[in-house]
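K.L.:
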Amino acid sequence: MAKLVPIIFFLFLSFSLKAQTWEFGVGAGGAGYMGDLNPKNPVKVSGYSFGAFAKRNFNGYLSARLNYTYGKIAAADSNSNNQQFRDRNLSFTTTLSEISLIGEFNFMHYIPDAGKNKYSPYLFLGIASVNYSPTTIYNGAKYDLRAAQTEGEPKPYPTSTLAALYGAGIKYNVAGKFTLGAELGYRNAFTDYLDDVSGVYVNKGAGQSVSKALADRSGEKTGIYLGIPGTQRGDSRPRDTYFFAQVTFSYTFVTQKCYFQ
11 MAKLVPIIFF LFLSFSLKAQ TWEFGVGAGG AGYMGDLNPK NPVKVSGYSF
61 GAFAKRNFNG YLSARLNYTY GKIAAADSNS NNQQFRDRNL SFTTTLSEIS
111 LIGEFNFMHY IPDAGKNKYS PYLFLGIASV NYSPTTIYNG AKYDLRAAQT
161 EGEPKPYPTS TLAALYGAGI KYNVAGKFTL GAELGYRNAF TDYLDDVSGV
211 YVNKGAGQSV SKALADRSGE KTGIYLGIPG TQRGDSRPRD TYFFAQVTFS
261 YTFVTQKCYF Q
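Going by this note's numbering, the residue at position 212 of the sequence shown is 222; the numbering climbs one at a time, nothing skipped.
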């Protein structure tokens with residue numbers, strides 16, 4: 011992720027050369043995910059998110075922004091309505107540290123304190139780089155699932171990945187140059203390990219170990235373990251998805267010439 015930051019920043023500055031106004035803001039709200047432990051509910055909030063952004067507005071319709079967002083997502087099979095998931099009994103919590111470059115399009119011409127429109131719906135697209143670190147609680151202690159190599163990975167999977175980003179929102183000029191907004195943005199991550207679950211159960215060898223216990227948790231209550239090597243542990247989806255649903259608040263530095271655009 012660190013190598014991508016200078017590239018993203020350079021692109022952001024390049025897009026900003028002919029821009030009119032700077033805008034700075036913060037956001038906070040919920041976070042959620044879809045993946046092996048939540049395959050069907052695209053709006054299930056399981057954690058929090060907060061962040062900040064710098065935006066360059068080219069005109070009343072187009073802008074580019076650089077975002078930083080920190081969030082947390084989680085899921086537990088024990089809370090599922092699906093008996094098969096409850097029997098599997100896996101769980102995870104993942105922290106997300108994301109930097110993204112986003113292009114934004116307003117449906118209505120919007121310049122706070124200068125334009126005729128007080129609000130506008132908008133769409134956005136972009137690319138993100140995110141650090142993630144799935145963990146779980148086992149016997150009262152917190153464990154790093156990546157280090158446990160629960161699915162027999164030859165080496166631990168990466169701690170960061172890229173993601174395709176898209177979403178929609180609405181913004182409103184609450185007073186002067188201040189804007190209040192609300193948005194929902196999804197990220198299709200280029201990994202299936204945000205939740206540490208991807209493929210099939212593997213043979214973790216004889217004896218007892220924390221790694222073996224974290225790979226198959228189905229028998230913790232019943233004593234009957236279902237994780238036969240080669241049988242399904244995750245689902246068939248190749249990638250996980252996460253989202254941030256936030257309320258944003260920003261201030262736009264509108265230059266004098268913007269009043270005549």
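Just so you know, even glycine gets a beta-carbon here, dropped at the ideal spot from N, CA and C.
Looking only at C-alpha atoms, which of T104, F253, S59, G191 sits nearest to P131?
P.N.:
Translated into positions along the sequence shown, residue 131 becomes position 121. Nearest of T104, F253, S59, G191 to P131, Cα basis: G191.
K.L.:
Relative to the C-alpha of L236, which candidate in L100, S90, F254, S56 has its C-alpha closest?
P.N.:
Here residue 236 is taken as the residue at index 226 of the sequence shown, counted from 1. Of all alpha-carbon atoms in L100, S90, F254, S56, the one lying nearest the alpha-carbon of L236 is that of L100.
K.L.:
Count the other C-beta atoms from every protein chain shown that fall within 10 angstroms of the C-beta of L135, then say buried if there are 16 or more, exposed otherwise.
P.N.:
For this step, residue 135 is matched to residue 125 along the sequence shown. Flag for L135 reads exposed.
K.L.:
Could you say if the segment 137-150 and the segment 93-111 meet the contact criterion of at least three C-beta pairs nearer than 8 Å?
P.N.:
yes
K.L.:
Residue range of the alpha helix (DSSP H) that R96 falls in?
P.N.:
In the sequence shown, residue 96 corresponds to position 86, counting from 1. 93-98 is the extent of the alpha helix (DSSP H) around R96.
K.L.:
Beta-carbon of E161 versus every beta-carbon of chain C: anything under 7 Å?
P.N.:
The displayed structure is made up of one protein chain only, and chain C is not part of it.
K.L.:
How would you call Y269, buried or exposed, if buried means at least 16 neighbouring beta carbons within 10 angstroms?
P.N.:
Taking the first residue of the sequence shown as position 1, residue 269 is located at position 259. Here the model assigns Y269 a pLDDT of 42, short of 50, so the residue's position is not dependable, and the following value carries that caveat. By the 10 Å Cβ count, Y269 comes out exposed.
K.L.:
I'd like to check one pair, Y78 with G57: are the Cβ atoms closer than 7 Å?
P.N.:
Residue numbering aside, residue 57 sits at position 47 when the sequence shown is read from its first letter. Residue numbering aside, residue 78 sits at position 68 when the sequence shown is read from its first letter. Taking 7 Å as the cut-off, the Cβ atoms of G57 and Y78 do not count as close.
K.L.:
Roughly how far, in whole angstroms, is the beta-carbon of T105 from the beta-carbon of T146, given that I think they are within contact range, below 8 Å?
P.N.:
For the purposes of this step, residue 105 is taken as residue 95 along the sequence shown, with counting starting at 1. For the purposes of this step, residue 146 is taken as residue 136 along the sequence shown, with counting starting at 1. Contact doesn't hold; Cβ gap of about 13 Å is too wide.
K.L.:
Could you say which of R96, L224, Q256 lies nearest to A151 if we only look at CA atoms?
P.N.:
Position 141 of the sequence shown, counting from 1, holds the residue named residue 151. Selected option, being the one with the closest Cα: L224.
K.L.:
Just reading off the beta strand (DSSP E) that K231 is part of, what are its end residues?
P.N.:
Within the sequence shown, residue 231 is the residue found at index 221, counting from 1. Unbroken run through K231: none, as it is neither H nor E.
K.L.:
Would you call the segment 237-251 and the segment 175-189 in contact, with 3 or more CB pairs under 8 Å?
P.N.:
no
K.L.:
Does the distance from the CB of T262 to the CB of E33 come in under 7 Å?
P.N.:
Within the sequence shown, numbered from 1, the residue matching residue 262 stands at position 252. Within the sequence shown, numbered from 1, the residue matching residue 33 stands at position 23. Yes.
K.L.:
Could you tell me whether any non-hydrogen atom of the ligand MG is closer than 6 Å to the CB of N69?
P.N.:
In the structure shown, the ligand MG is absent, as is every other ligand, since no ligand is present at all.
K.L.:
Out of curiosity, what's the CA-to-CA distance linking L155 and T258?
P.N.:
Numbered from its first residue, the sequence shown carries residue 155 at position 145. Numbered from its first residue, the sequence shown carries residue 258 at position 248. Computed Cα separation, rounded: 33 Å.
K.L.:
Considering only C-alpha positions, which residue in the set V207, R75, K54 is nearest to S246?
P.N.:
In the sequence shown, residue 246 corresponds to position 236, counting from 1. S246 has its Cα closest to that of V207, out of V207, R75, K54.
K.L.:
Given 8 Å as the limit, is there contact between the segment 226-234 and the segment 165-176, that is, 3 or more CB pairs closer than that?
P.N.:
no
K.L.:
Which residue's Cα is closest to the Cα of G39: N89, G195, S219?
P.N.:
Residue numbering aside, residue 39 sits at position 29 when the sequence shown is read from its first letter. Ranking the options by Cα distance to G39, first place goes to G195.
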